[in-house]
Amino acid sequence: MPKKLCTLLLGAMVLLCASAVYAAAPQTLTWRDLVNHPERWPAMTKVKNDLQFSKSTLDKGAEVQVYNVLPNEVELIAPEGFIFAQTPQECTLLEDANLFWSSLTPEQKEVTWQKIVGDRSLWPGKVGLPSG
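Position one of the sequence shown corresponds to residue 24 (my numbering), numbered consecutively onward.
Here it is in structure tokens:
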């Protein structure tokens with residue numbers, strides 16, 4: 024009996040782990056859903072306040088590129104090319120990400136960077152680098 028119980032428990036653990044790894048994509052994104060998931064980020068977002076830097080300013084509503092999403096902030100690229108950080112409350116990233124996310128089909132939502140790396144048919148035929 025203990026051997027059967029052990030086998031049953033082991034099987035249940037394997038199923039739980041497999042379901043956690045292959046969990047369905049969320050319907051609505053949270054900040055946590057953006058961390059380490061660049062495939063869920065919009066290309067651009069907006070700052071919610073006027074910002075003053077040493078050699079530049081950004082007006083409220085200015086569009087900036089998304090560089091990296093961390094647990095408590097996002098790193099953004101200003102139009103001048105420098106990187107700066109904002110908290111979730113200081114930019115429209117989450118709203119923009121959900122707007123982008125809602126435009127995707129369920130199949131598109133299931134594509135992750137791990138799947139892209141593992142399937143060469145998803146790779147672009149040509150990649151370009153921005154100049155300037």
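Backbone N, C-alpha and C define an ideal beta-carbon position, used for all residues, glycine too.
Secondary structure within the region 79-107: the beta strand (DSSP E) runs of 3 or more consecutive residues, fully enclosed, are 86-92 and 97-100 (chain order). Exposure of Trp-136 is indicated by the presence of fewer than 16 other C-beta atoms within 10 angstroms of its C-beta. In the three-state reduction of the DSSP assignment, Val-58 falls in the coil class, being assigned neither a helical nor a strand state. Residue environment for Val-92: buried (at least 16 other C-beta atoms within 10 angstroms of its C-beta).
Taking a C-beta distance under 8 Å as the contact criterion, Pro-65 and Val-87 do not qualify as a contact pair. Remark: C-beta atoms of Leu-81 and Val-97 do not approach each other more closely than 8 Å.
Val-150 has its alpha-carbon roughly 14 Å from the corresponding atom of Arg-143.
Pairing Leu-116 with Thr-68 gives a Cβ-Cβ distance under 8 Å. Assignment of Val-140 by DSSP, reduced to helix, strand and coil, places it in the helix class.
Taking C-beta separations shorter than 7 Å and ignoring five residues to either side along the sequence, Gly-148 has no partners in its chain.
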